[in-house]
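First residue of the sequence shown? That's 1 in this note's numbering, and the numbers climb one at a time after it. No residue lacks a Cβ here, since even glycine has one placed at the ideal position from N, Cα and C. All values reported here derive from a predicted model rather than from experimental measurement. Below: the structure, in C-alpha cells.
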Amino acid sequence: MSPQQDSGQVPRVSIQDLTPARFHRDFQRKGTPVVITGALDATPALNIDALLSHVGQMGVPIRCYGTGRFDRPKAQWKTYCETTTLTVADYCALLDNGVAARDHLYLAMVEMGQTPLRQIIGPAIDAIAAHTGLVRRLPNDVNLWVGPGGHVEPLHYDGQDGTLSQFHGTKRVSLFPPSIQAGLYPFPLSHGGLTPNFSQVYIDQPDFDTYPKLAQALHHRQIVELTAGETLYIPLGWWHEIESLGNDYICSVNRFWKVAPLWRYACTPQASYLYALSRWRQRQRRS
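What follows is the structure, encoded as C-alpha cells:
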C-alpha cells in the first residue's frame, strides 16, 4: 500500500452557509473535521512586509529542529526540539537567505495577544466564532505560525478543538481519527522526551517491520491541502501532521476552542488526559 493512501475527502463548506446550529450538529458534536472557506476573504495579505510592519521587532521563540533530526527514528529523540529567541525581523531574514529551511527553524505557536497584527487578523477569527458557535478557550487567543516550505510538524493530537487558518502558502494536513491511535504508536509515558500525544512513526516513510499496525492505520488517512483563505477545523483527539508545501514561506494562525459537548472527552480518553494535564499546568503557573 502506498503511504499516500487516504480514506476520503474532508468536506469544504462556505462560512456563509454555516450557522452555529448547523456547525454543532454536523461537525462539532460528531467530532468531524471540515474546511471552512471564505472566512479570511476580507483580511489583508500577510506577506513579509506586513509581518515586519506589525510585529517585526517582537521577540519570539523559534523552534530549532536541526538538519539531521528527521533522518533519525523519533524514538531516538531526547526532546521535541530546541528553542531560541529572535525578533520576527531576524527570523524573516533567515527565511529569505535559506537558513530557516536548511536548519528547520520554525516560528511556531506565538501568541499575538494585543499586537497590531492581532487587530488585522482578529475580525476573521471572530467571524469564524460567530458562524460556528465555537467558544474561545481562555486564556489562549490566536497563535502565529511562520516557516519555510518543506517543513513538517510531526504527527500529534491536541486535547481541545482547534482551527488552523491559512493566510499565505499551502499546507498539506494528514488527519487520522482518534479511534485508530494504536496503529500510530504514541510515545509511552516512560519515554521522557516526547509526550503520548506524539506519534513515533513517519507516515510518508513507514517502517512496517517496527510498526506493523501502521499499515492498517494508513487506510484511515485523510489528506487536506489547505490553501490561503481556508480554515481547517480539527476536533480534539484527531491526529494530524502538517507539511508546508512549495518553496515559499507559509503563514498561518491557529486558535483553540472549548470542547462541546463535554461528553466528547469520554470518546477520546487520550485527549482527556492531555486536557487534564494542561489544566493542571495552568493552575501550577497561577499558584
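Which term fits residue i, buried or exposed, when burial requires 16 or more other beta carbons within 10 angstroms of its beta carbon?
| i | result |
| --- | --- |
| Gly159 | buried |
| Thr19 | exposed |
| Leu138 | exposed |
| Ser53 | exposed |
| Gly246 | exposed |
| Gln57 | exposed |
| Pro186 | buried |
| Phe294 | The shown model of the chain, from 1 to 287, leaves out residue 294, and the question about it has no answer. |
| Arg264 | buried |
| Glu82 | exposed |
| Ser14 | exposed |
| Thr84 | exposed |
| Gln205 | exposed |
| Gln16 | exposed |
| Asn97 | exposed |
| Pro116 | exposed |
If you follow the alpha helix (DSSP H) that residue i is in, where does it begin and where does it stop?
| i | result |
| --- | --- |
| Leu95 | 88-97 |
| Ile44 | Here the sequence assigns Pro to residue 44, which means Ile is not the residue at that position. Counting along the chain, Pro44 falls outside any alpha helix (DSSP H), and DSSP gives it neither H nor E. |
| Thr214 | At residue 214 the sequence reads Leu, which differs from the Thr that was named. Segment 214-217, the alpha helix (DSSP H) holding Leu214. |
| Tyr233 | That residue, Tyr233, is in no alpha helix (DSSP H); its beta strand (DSSP E) goes 230-234. |
| Arg264 | 264-267 |
| Phe23 | 20-23 |
Assuming residue i contacts residue j under a Cβ cut-off of 8 Å, what Cβ separation, rounded to an integer in Å, is found between them?
| i | j | result |
| --- | --- | --- |
| Glu241 | Thr170 | The Cβ separation is near 15 Å, so there is no contact. |
| Pro235 | Thr32 | 7 Å |
| Pro148 | Ala100 | 5 Å |
| Ile120 | Pro188 | Ile120 to Pro188, Cβ: 42 Å. No contact. |
| Gly237 | Ala276 | The Cβ separation is near 13 Å, so there is no contact. |
| Asn47 | His168 | 7 Å |
| Ser165 | Ser252 | 6 Å |
Could you please give the first and the last residue of the uninterrupted beta strand (DSSP E) stretch that includes residue i?
| i | result |
| --- | --- |
| Phe320 | No answer is possible for residue 320: it lies beyond the span of the chain, which begins at 1 and ends at 287. |
| Pro148 | 143-148 |
| Tyr185 | Element bounds for Tyr185: n/a, residue is neither H nor E. |
| Arg12 | 12-14 |
| Thr37 | 34-37 |
| His240 | 239-244 |
| Leu226 | 222-226 |
Compute every distance between the C-beta of residue i and the non-hydrogen atoms of the ligand NAP, then say whether any falls below 7 Å.
| i | result |
| --- | --- |
| His240 | As far as ligands go, the structure on display features none, and thus does not contain the ligand NAP. |
task = Would you check if the region 69-79 and the region 89-102 touch, i.e. whether three or more CB-CB distances between them fall below 8 Å?
result = no
ask   = Whole alpha helix (DSSP H) runs in the region 53-139 with 4 or more residues, listed along the chain?
value = 88-97, 99-102, 116-132
inquiry  = Suppose only complete runs of 3+ residues qualify. What are the beta strand (DSSP E) ranges in the region 150-180, listed by chain order?
reply    = 152-156, 161-168, 171-176
inquiry  = Within 8 Å, do at least three Cβ pairs link the region 164-178 to the region 214-222?
reply    = yes
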